[in-house]
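Right, one structure below, let's go through it.
Residue numbers (the numbering used here): 9 to 267.
So, in structure tokens, the structure goes:
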């Protein structure tokens, strides 16, 4: 199993889940999913993966699909999600910023995660497109390489705002008074939380076994502690169309850019 979601989400979370289902674990950092030109699910380097939903769409659109959804995603500890496997892209500014809305960030510096990230980049592009703007023309988009880096640069004054995974922000507010003081001026979404994927040639029995094993992790007291420490409440079964809204939104964005 390979995770593209750490260190934004704690490595301990993936380590506990990998141990629970009995698989080896590796990490890739700096991008929220594999480069389609260097796809570990094609080369055989990975069987399972935790990727951003935009990366899942990229790996299954306009090319031979290399992965399928397992049908499991996490549920954030956030009253706004109503116990669903969804989350937000939180647009945050400094405590002393005069900015009150996304519209007021025109011409400012916005910290983004990486080019494959939904909450840290594409959610911003999709929302600005909906409002008639192109992200790179609306503001100075600064790729920071990760949600934690975006928050750090915001605190240091390197950017004027940041778009970050709401789960990451929630967890950081619990252990950092400085992060807790940042203001969320808009929540973009909700969007489906990051899916677990499996190589496309896995048969249904293999996928079912992984899904069952992951969902049974909810019954493990130690894993429940890790989930809570990660600002999550549980792992949930998801339907086949879990990422469909992301696919539709990304297609709409591409169509706009081509016109």
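Beta carbons are placed, not taken as given, at the ideal position from N, Cα and C, and that holds for glycine.
Nearest candidate by alpha-carbon position, reference residue i, set the options
{"i": "residue 86", "options": "95, 249, 80 and 78", "result": "95"}
{"i": "residue 55", "options": "37, 62, 69 and 74", "result": "74"}
{"i": "residue 22", "options": "232, 105 and 92", "result": "232"}
{"i": "residue 15", "options": "100, 156 and 49", "result": "156"}
{"i": "residue 97", "options": "79, 114, 176 and 137", "result": "176"}
{"i": "residue 241", "options": "184, 216, 135 and 201", "result": "201"}
{"i": "residue 80", "options": "57, 148 and 90", "result": "57"}
{"i": "residue 134", "options": "166, 152, 224 and 171", "result": "171"}
{"i": "residue 105", "options": "227, 168, 149 and 210", "result": "168"}
{"i": "residue 35", "options": "13, 225 and 51", "result": "13"}
{"i": "residue 102", "options": "250, 18, 248 and 191", "result": "191"}
{"i": "residue 77", "options": "83, 52, 179 and 61", "result": "61"}
{"i": "residue 166", "options": "117, 188, 256 and 136", "result": "117"}
{"i": "residue 7", "options": "64, 32 and 29", "result": "As shown, the chain starts at 9 and ends at 267. That puts residue 7 outside it, with no answer to give."}
{"i": "residue 228", "options": "11, 18, 9 and 25", "result": "25"}
{"i": "residue 146", "options": "152, 28 and 137", "result": "137"}
{"i": "residue 50", "options": "210, 82, 244 and 251", "result": "210"}
Start and end residues, beta strand (DSSP E) containing residue i
{"i": "residue 77", "result": "75–77"}
{"i": "residue 212", "result": "Looking at the DSSP string, residue 212 is not in any beta strand (DSSP E); the run it does join, the alpha helix (DSSP H), is 212–224."}
{"i": "residue 244", "result": "240–245"}
{"i": "residue 169", "result": "169–173"}
{"i": "residue 50", "result": "Counting along the chain, residue 50 falls outside any beta strand (DSSP E), though it belongs to the alpha helix (DSSP H) covering 48–51."}
{"i": "residue 67", "result": "Neither: residue 67 is in no beta strand (DSSP E) and is coded neither H nor E."}
{"i": "residue 56", "result": "56–58"}
For residue i, three-class secondary structure by DSSP
{"i": "residue 80", "result": "strand"}
{"i": "residue 72", "result": "coil"}
{"i": "residue 234", "result": "helix"}
{"i": "residue 13", "result": "coil"}
{"i": "residue 207", "result": "strand"}
{"i": "residue 34", "result": "strand"}
{"i": "residue 184", "result": "coil"}
{"i": "residue 260", "result": "helix"}
{"i": "residue 177", "result": "helix"}
{"i": "residue 229", "result": "helix"}
{"i": "residue 42", "result": "coil"}
Continuous alpha helix (DSSP H) stretch holding residue i: start and end
{"i": "residue 193", "result": "No alpha helix (DSSP H) holds residue 193; the beta strand (DSSP E) holding it covers 191–200."}
{"i": "residue 250", "result": "Counting along the chain, residue 250 falls outside any alpha helix (DSSP H), and DSSP gives it neither H nor E."}
{"i": "residue 25", "result": "19–29"}
Inset, instruction - Can you check the segment 89–161 for any alpha helix (DSSP H) of at least 4 residues that lies completely inside it and give the ranges in chain order? - result: Here the runs fully enclosed are 131–138 and 143–146.
Inset, instruction - May I ask you to verify whether the segment 199–212 touches the segment 142–160, counting CB pairs closer than 8 Å and requiring at least 3? - result: no
Inset, instruction - Mind the definition here: the segment 225–245 touches the segment 191–198 only if three or more C-beta pairs lie below 8 Å; say whether that holds. - result: They do not touch, by the three-pair rule.
Inset, instruction - For the segment 147–167 and the segment 61–70, state whether three or more C-beta atom pairs, one from each stretch, are separated by less than 8 Å. - result: Judged by Cβ distances under 8 Å, the segment 147–167 makes no contact with the segment 61–70, as fewer than three pairs qualify.
Inset, instruction - Determine, using beta-carbon pairs with one atom in the segment 120–131 and one in the segment 35–45, whether at least three such pairs fall under 8 Å. - result: yes
Inset, instruction - Decide yes or no for the touch test of the segment 216–224 against the segment 174–191: beta carbon pairs closer than 8 Å, at least 3 of them. - result: For the pair of segments examined, the segment 216–224 was found not to touch the segment 174–191: the number of CB pairs separated by less than 8 Å stays below three.
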